[in-house]
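Chemist:
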Amino acid sequence: MKRRLQSITSKAVPAAVVLALLLVWQLVSVAGLVPRFMLPSPWDVVLAFASDFSLLAEHARVTLLEAFLGLACGILLAFGAAVLMDRFPLVYKGMYPVIVLTQTVPTIAIAPLLVLWMGYEMAPKITLIVLTTFFPITVGLLDGFRSADKDAMDLFQAMGASKFQIFRYMKLPGSLSHFFAGLRVSAAYSIVGAVIAEWLGGYHGLGVYMVRVKKSYAFDKMFAVIFLISLISLLLMKLVDLLQRAVMPWERVKEESQ
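Going by our numbering, the sequence shown opens with residue 5, and the numbers climb by one from there.
1. From L37 to Q30, what distance separates their C-alpha atoms?
2. By Cβ distance below 7 Å, which residues in the same chain neighbour Y299 in space, the five residues on each side in sequence not counted?
3. Starting from the C-beta of A228, find all residues in its chain whose C-beta is less than 6 Å away, skip the five residues before and the five after it, and write them out in chain order.
4. Leaving out the 5 sequence neighbours to the left and right, which residues in its chain are closer than 6 Å to M252 when beta-carbon positions are compared?
5. Excluding sequence positions up to five away, which residues of its chain have a Cβ less than 7 Å from the Cβ of T142?
6. For the 8 Å Cβ check, are there 3 or more pairs between the region 214 to 233 and the region 180 to 194?
7. Secondary structure at L204, three-state DSSP: helix, strand or coil?
8. When the distance is taken between beta carbons, is K154 closer than 7 Å to E70?
9. Closest to S55 by C-alpha separation, out of A35, V28, G144, K225, would be which residue?
10. Assuming contact is defined by CB atoms lying nearer than 7 Å, are L43 and S33 in contact in what I supplied?
11. Decide if the region 209 to 224 is in contact with the region 161 to 173; the criterion is three or more beta carbon pairs, one per stretch, under 8 Å apart.
12. Could you work out which residue in H182, V212, G211 is closest to A152 when comparing CA atoms only?
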């Protein structure tokens, strides 16, 4: 009973804060403290979302497709890079600085180049998403592999386990929590990366929609798409949480026993 009450409280407090902020926003807009065309009220945003729902849904479908394809490629590349760097120290010394270097380049700076090189279709969007999602997953997996218990690894070797068996039955399961931590961040980054790439060129997607409504000064629709992007990012992060609970049932048992 106490645990259930704590769970309800932990969910009610953030919800109350969000509702309070929306109420203040509505009052500021209605009172005219900020011009209505610059700061539409939450109700205006809801009406704009409803009026453009079918168009937003079509653009969201394209953005989600780009995000999923880019995230899938990022996961595969991150897994391969992490395994190679964990297995071969020379590869780690040569590859890790390059991976870190890729994160020092601003996304908004490289996006126009990708559009210039690859055109206005999905290729530059997916490439940018791979670049933004690759790093958190790679670092998370690598930290997970390297956090394996040395004594347990020595015991495995003494029992005649091969390097693949050590990786399969010890390193990989032990790195799952690190992997999902990186995946949670990358899932949100994938949507943001897709939208940024769409700003700079494209025919469909939420980023393209944002550029169009901004040029027409339809700020109610601008706020609507911003909230939609935030909602999609939160849902993707929640989906990662559910996937983690399904893949790591022992973590759920540990939480319930506390």
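All C-beta atoms, glycine included, are put in the ideal place defined by N, C-alpha and C.
Quick caveat: nothing in here was measured; it's all calculated off a predicted structure.
Modeler: Judging by the given coordinates:
1. 11 Å
2. In the structure as shown, the chain starts at 5 and stops at 262, and residue 299 therefore has no counterpart that could be examined.
3. V49, A52, F53
4. L180
5. A82, A85, A86, I103
6. no
7. coil
8. no
9. K225
10. yes
11. no
12. H182
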